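Just so you know, we're using UniProt numbering here: the sequence shown kicks off at 1 and counts up by one.
Beta carbons are placed, not taken as given, at the ideal position from N, Cα and C, and that holds for glycine.
Source: prediction; values computed, not measured.
Heads up: the structure comes next, in structure tokens.
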Amino acid sequence: MGPAAARPVLIAGGGIGGLAAALGLAQKGIASILLEKASALGEIGAGIQLGPNAFHAFDYLGVGEAARGMAVYIDQLRLMDALTAEEITHVDLRDAFRARFGNPYAVVHRGDLHGVLLKACRDHALIDLRVSSEVIGYDQNGASVTVRLASGDDVTGSLLIGADGLWSNIRKQVVADGPPRVSGHTTYRSVIPTGEMPEDLRWNAATLWAGPKCHIVHYPLSDWKVFNLVVTCHNDAPEPVAGKPVSDDEVMQGFAHVHARAQEIIRHGKNWKAWVLCDREPLERWVDGRVALLGDAAHPMLQYFAQGACMALEDSVCLSHMLGTHPGDHAAALEQYRQQRFPRTARVQLLSRAIGEHIYHPAGDHARIRNAIMSAKTSEDYYGDLAWLYGGTGLKG
1 MGPAAARPVL
11 IAGGGIGGLA
21 AALGLAQKGI
31 ASILLEKASA
41 LGEIGAGIQL
51 GPNAFHAFDY
61 LGVGEAARGM
71 AVYIDQLRLM
81 DALTAEEITH
91 VDLRDAFRAR
101 FGNPYAVVHR
111 GDLHGVLLKA
121 CRDHALIDLR
131 VSSEVIGYDQ
141 NGASVTVRLA
151 SGDDVTGSLL
161 IGADGLWSNI
171 RKQVVADGPP
181 RVSGHTTYRS
191 VIPTGEMPED
201 LRWNAATLWA
211 GPKCHIVHYP
221 LSDWKVFNLV
231 VTCHNDAPEP
241 VAGKPVSDDE
251 VMQGFAHVHA
261 RAQEIIRHGK
271 NWKAWVLCDR
281 EPLERWVDGR
291 VALLGDAAHP
301 MLQYFAQGAC
311 MALEDSVCLS
321 HMLGTHPGDH
331 AAALEQYRQQ
341 RFPRTARVQL
351 LSRAIGEHIY
361 HPAGDHARIR
371 NAIMSAKTSE
381 DYYGDLAWLY
391 GGTGLKG
């Protein structure tokens, strides 16, 4: 094998972040080997919200048209009071929003988005996708990095990108900061046929019903064939859980105190699965020599800003840009990537927590203050509040 520069970049993890990283590198003429632990490349979960910053990233990665083709374009972000069933406020996402940010706000099925990225990777000669290849650790010298797979095999490359999610094996070695922080918030997810969604609630909106220690989110998906339901309660869950099937009764336990109209939405859900939300404190150590973290491995966040996937996409844009800009100097490229991305992702991590506390879950006077402040704002006011986020890309904060 030739010098390290000629070796492919190794990517641990075949989720949205890993695939996007491979695509970004390919755009720069850099070959990669993507190593996914599962036996097939796919994505579980249901709906995902995509701000304009995600579409900025899709355009950079060369999949903008494909991503737009499978998205549902909603007209507003709508905030409801789950106790009174009255609207608190809404943000208009139509022409003025698109004109302001240069791209739309949309909702997609996570599997559909993963499929768009996967097809683009499969179609690119510079990307080698490998399944049943869990990276459990790495060793590096001055010229290359070698990963150890659970199978016992080794793979050597020029660099390693840890895009292996919340429970990242790569992070364990880069940072060694222990398990993620368990939030105590449990999220239950269901997808129902549109015909089963109450007719008067089939809004073309990402709708949030906010109540004391609980909230409900719903929006249409997959060309309006289904509605995504996501309900969350702060029930002090002590242990991480991911995708565990649960009963309808368990889901309803956290919503006995909300308005009957809000409860009715939950009753239409079926085949519920539970996740206990986890995140981490922002931490700057993303890079170890020839190894860099990306996405949830670097900055896991609560879902309350709907930005987890968007930040991973931006990471991929930034990392590939820096490696393309510094072709012979990986140290400079990885350090500039870290410096560029850390403040922005830390801000989203911390604001995601704050949004959960002050918008999604407050009670009593706290909730009344929320309603007063948020109902007084116009859509233009909200555009100003969100400009730092939706106007940003992986290349600028």
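Please classify residue i as buried or exposed, where buried requires at least 16 other C-beta atoms within 10 Å of its C-beta.
i      : result
Pro220 : buried
Trp209 : buried
Thr232 : buried
Gly2   : Low local confidence applies: a pLDDT of 41 at Gly2 is under 50, so the model's placement there is unreliable, with the coordinate-based value given in what follows. Burial call: exposed.
Ala96  : exposed
Pro362 : buried
Arg368 : exposed
Asp123 : exposed
Ser39  : exposed
Gly157 : buried
Trp224 : exposed
Gln340 : buried
Glu36  : buried
Pro300 : buried
Asp249 : exposed
Asp139 : exposed
Gln307 : buried
Pro238 : exposed
Asp236 : exposed
Pro198 : exposed
Ala376 : exposed
What do you reckon, are the CB atoms on residue i and residue j nearer than 8 Å?
i      : j      : result
Ser320 : Lys28  : yes
Gly324 : Ala312 : no
Ser133 : Arg7   : no
Arg202 : Thr194 : yes
Leu129 : Leu34  : yes
Val107 : Gln49  : yes
Ala163 : Ala297 : yes
Ile74  : Asp81  : no
Val135 : Leu149 : yes
Leu23  : Ala176 : no
Ala258 : Gly211 : Just to set this straight, residue 258 is Val in the shown sequence, not Ala. It is a contact, given that the beta carbons lie within the stated cut-off.
Alpha carbon to alpha carbon, how far is residue j from residue i? Give it in angstroms, no decimals.
i      : j      : result
Val91  : Gly269 : 26 Å
Ala292 : Leu93  : 35 Å
Arg267 : His234 : 19 Å
Leu159 : Ser151 : 21 Å
Glu264 : Asp200 : 12 Å
Ile30  : Thr207 : 41 Å
Gly243 : Ala46  : 11 Å
Ala256 : Ala125 : 54 Å
Glu284 : Ile161 : 16 Å
Met322 : Tyr337 : 6 Å
Tyr188 : Asn141 : 45 Å
Ala309 : Asp153 : 30 Å
Ile216 : Glu86  : 14 Å
Gly356 : Gly328 : 43 Å
His326 : Ala332 : 7 Å
Ala4   : Arg78  : In this prediction, Ala4 has a pLDDT of 46, which is less than 50 and means its spatial position is unreliable; what the coordinates show is noted afterwards. The straight-line gap from Cα to Cα measures roughly 51 Å.
Gly15  : Ala354 : 27 Å
Asn103 : Asp381 : 18 Å
Gly392 : Tyr383 : 13 Å
Leu25  : Ser32  : 7 Å
Ala12  : Ala260 : 46 Å
Val317 : Gly17  : 10 Å
Ala71  : His109 : 8 Å
Ala205 : Asn53  : 19 Å
Tyr304 : Asp279 : 11 Å
Given residue i, which residues of its chain have a CB within under 6 Å of its CB, disregarding the five upstream and five downstream residues?
i      : result
Phe58  : Gly64 and Ala67
His185 : Thr232, His234 and Leu277
Asn371 : Ile88
Glu314 : Ala57 and Gly394
Ala274 : Thr186, Tyr188, Val241, Lys244 and Val246
Tyr60  : Val317
Which residues in the same chain as residue i place their Cβ atom closer than 8 Å to its Cβ, once the five residues preceding and following it in sequence are excluded?
i      : result
Leu350 : Pro282
Gly42  : Gly111 and His114
Glu335 : Val287
His366 : His358
Gly178 : none
Lys396 : none
Within a Cβ cutoff of 7 Å, which residues of the same chain sit near residue i, ignoring the five residues on either side of it in sequence?
i      : result
Ser190 : Leu229, Gly269, Lys270, Asn271 and Trp272
Val226 : Val191, Ile192, Pro193 and Thr194
Problem set entry | Minimum length 3: unbroken beta strand (DSSP E) runs contained in the region 118–154 | With a minimum length of 3 residues, the continuous beta strand (DSSP E) runs that stay inside the region 118–154 are 127–130, 135–140 and 145–149.
Exercise. Quick one: complete alpha helix (DSSP H) runs, 4+ long, within the region 296–363?
Worked result: 308–325 and 330–355, all fully within the region 296–363.
Exercise. Could you give the uninterrupted runs of the beta strand (DSSP E) lying entirely in the region 63–97, keeping only those of 3 residues or more?
Worked result: Inside the region 63–97, DSSP marks whole beta strand (DSSP E) runs of 3 or more residues at positions 76–81 and 86–92, from first to last along the chain.
Problem set entry | Within the region 231–299, ranges of the alpha helix (DSSP H) (whole runs, at least 4 residues) | Those alpha helix (DSSP H) runs which fall completely within the region 231–299 and span 4+ residues are 248–252 and 260–267.
Exercise. Whole alpha helix (DSSP H) runs in the region 9–50 with 4 or more residues, listed along the chain?
Worked result: As far as the region 9–50 is concerned, its whole alpha helix (DSSP H) runs of at least 4 residues are 16–27.
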